[in-house]
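Q: The structure that follows is given in the form of structure tokens.
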Amino acid sequence: MKITKLFHRHDLKKGIFLVILAWLCFSTLYMVAKLIGNQTTVPTMLFFRNVLGLVIIAPFLFKKWRKALEVKNLKIVVGRSLLGLLNLFFIFLAVKKISLVNTTLLNNSAPLFVPFVLWFWLRVPINHKMWPAIITGFIGIALILQPDKRIFNLGAAYALASGIFLALNLVMMRLTSKSENLISFLLYFFLIGAVVTIPFALADWKIESLFTLIALLSIGLLSCTGQVLLYYGMKQGKAHQLAPFTYSMVIFSGIYEWLIWGKVPDLIAYIGIILIIASGIWIVIISPPAKG
């Protein structure tokens, strides 16, 4: 029996397990990016993430390269790839300036922005039941930012920008045909990312040591592994059942930050974390399912 067939059997417990593993991969990716933030550049990290991703999926393209190039809506696929690239670009900028937990949390504030993106882009009215959750979430963001300590925190702005681009990507996922296969998605995802980042990486290339190189290679491996796990995990259940486990990233990031940097959030930040997670899960649960 092929391994991929095991993933196609709908099993919520399996889906939860795969999704949590995916977010562990992404949390580890962000941790590695923070660890080598001063030893390399953001364009270099993005280059390795995309080029190594292409190398990993290359063996799967030999027999199915024609099918991999076929997509239902090329504009949507390209758009998702660019939004994913921008999301990671701002995450890499953010982790160099603020804590791993705050970066992860502000990135995962995306559900708060999704209703506004749907309203502005697709003219989908905002459900009145969402307003308490949205307001609660933005209060949580304010507590995380703690503007009284610093009027403008560039790192937090980067993390919020990543959350907005993630929200745009989530909305674009609604427009993507369910028939799009994993290899097609990964091919365009990494290929477009590689084409866009190569010029910037060449202009701002920096690898200080062998450790830095190994860490950069791990970024590509973690990104590709996380995407595959998330793809198959989300097929095992409905979005509102699995999306809340996104916030397991905050737990993983907190563990990394405590073990490696010896940092823990203060009480106000903890309250903000709880408010953002609760509001995000609230919005996911009451949101209507995607059609199609």
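What the sequence shown shows, in this note's numbering, is residues 3 to 294, in sequence order.
For every residue, glycine included, the Cβ atom is placed at its ideal position computed from N, Cα and C.
Within the chosen definition, does the region 216 to 225 reach the region 13 to 22 through at least 3 CB pairs nearer than 8 Å?
A: With a cut-off of 8 Å, the region 13 to 22 and the region 216 to 225 do not count as touching, because too few Cβ pairs lie within range.
Q: By DSSP, does I209 sit in helix, in strand, or in coil?
A: On the sequence shown, position 207 is the one that residue 209 refers to. Strand at I209.
Q: Assign I153 to buried or exposed, taking buried as 16 or more other Cβ atoms, counted over all protein chains shown, within 10 Å of its Cβ.
A: For the purposes of this step, residue 153 is identified with residue 151 of the sequence shown, where counting begins at 1. Summary for I153: the model assigns pLDDT 48, below 50, so the residue's position carries little reliability, and this model does not support an answer.
Q: Whose C-beta lies closer than 8 Å to the C-beta of I262 among residues of the same chain, with five residues either side of it excluded?
A: Residue 262 sits at position 260 when you count from the first residue of the sequence shown. The residues are M33, L37.
Q: With DSSP as the reference, please indicate the residues paired to T42 in a beta bridge.
A: Here residue 42 is taken as the residue at index 40 of the sequence shown, counted from 1. In the DSSP output, where bridge partners are listed per residue, T42 has I209.
Q: I'd like to know whether the C-beta atoms of G195 and N89 end up nearer to each other than 9 Å.
A: Taking the sequence shown and counting its residues from 1, one reaches residue 195 at position 193. Taking the sequence shown and counting its residues from 1, one reaches residue 89 at position 87. No, these two residues do not count as a Cβ contact at 9 Å.
Q: Check whether the region 136 to 146 and the region 191 to 206 are in contact - that is, three or more C-beta pairs closer than 8 Å.
A: Judged by Cβ distances under 8 Å, the region 136 to 146 makes no contact with the region 191 to 206, as fewer than three pairs qualify.
Q: Give me the residue from F254, S281, I285 with the minimum Cα distance to G101.
A: Along the sequence shown, read from residue 1 onward, the residue named residue 101 stands at position 99. Note on residue identity: the sequence assigns Ser, not Gly, to residue 101. Nearest C-alpha to S101: F254.
Q: Roughly how many whole angstroms lie between the Cα atoms of G55 and N129?
A: As a working mapping, residue 55 is identified with position 53 in the sequence shown. As a working mapping, residue 129 is identified with position 127 in the sequence shown. Straight-line Cα distance between these residues: approximately 39 Å.
Q: Whole angstroms are fine: how far does the CA of L188 sit from the CA of G239?
A: Within the sequence shown, numbered from 1, the residue matching residue 239 stands at position 237. Within the sequence shown, numbered from 1, the residue matching residue 188 stands at position 186. Roughly 21 Å between the two C-alpha positions.
Q: To the nearest angstrom, report how far apart L170 and I136 are at their CA atoms.
A: Indexing the sequence shown from 1 puts residue 170 at position 168. Indexing the sequence shown from 1 puts residue 136 at position 134. About 17 Å.
Q: For the candidate residues I58, P45, N40, T46, whose alpha-carbon lies nearest to that of L224?
A: On the sequence shown, residue 224 is found 222 positions in, with the first residue counted as 1. Looking at the Cα atoms, I58 is the closest of the given residues.
Q: Following the continuous alpha helix (DSSP H) through T106, name the residue where it begins and the one where it ends.
A: Here residue 106 corresponds to residue number 104 of the sequence shown, with the count starting at 1. Segment 102 to 109, the alpha helix (DSSP H) holding T106.
Q: In this structure, how does DSSP classify G165 when only helix, strand and coil are distinguished?
A: On the sequence shown, residue 165 is found 163 positions in, with the first residue counted as 1. Helix at G165.
Q: Where does F192 sit, in a helix, a strand or coil, going by DSSP?
A: Counting from 1 along the sequence shown, the entry for residue 192 is found at position 190. In this structure, F192 counts as helix in the three-state DSSP scheme.
Q: Between the Cα of L26 and the Cα atoms of L232, I276, A280, which residue gives the shortest distance?
A: Residue 26 sits at position 24 when you count from the first residue of the sequence shown. The residue with the shortest Cα to Cα distance from L26 is L232.
Q: Mind checking which residues open and close the alpha helix (DSSP H) that includes N89?
A: For this step, residue 89 is matched to residue 87 along the sequence shown. Looking at the DSSP string, the run of the alpha helix (DSSP H) that includes N89 is 76 to 97.
Q: Which of the three DSSP states is assigned to P267 in this structure?
A: The sequence position of residue 267 within the sequence shown is 265, counting from 1. Of the three classes helix, strand and coil, the one that applies to P267 here is coil, per DSSP.
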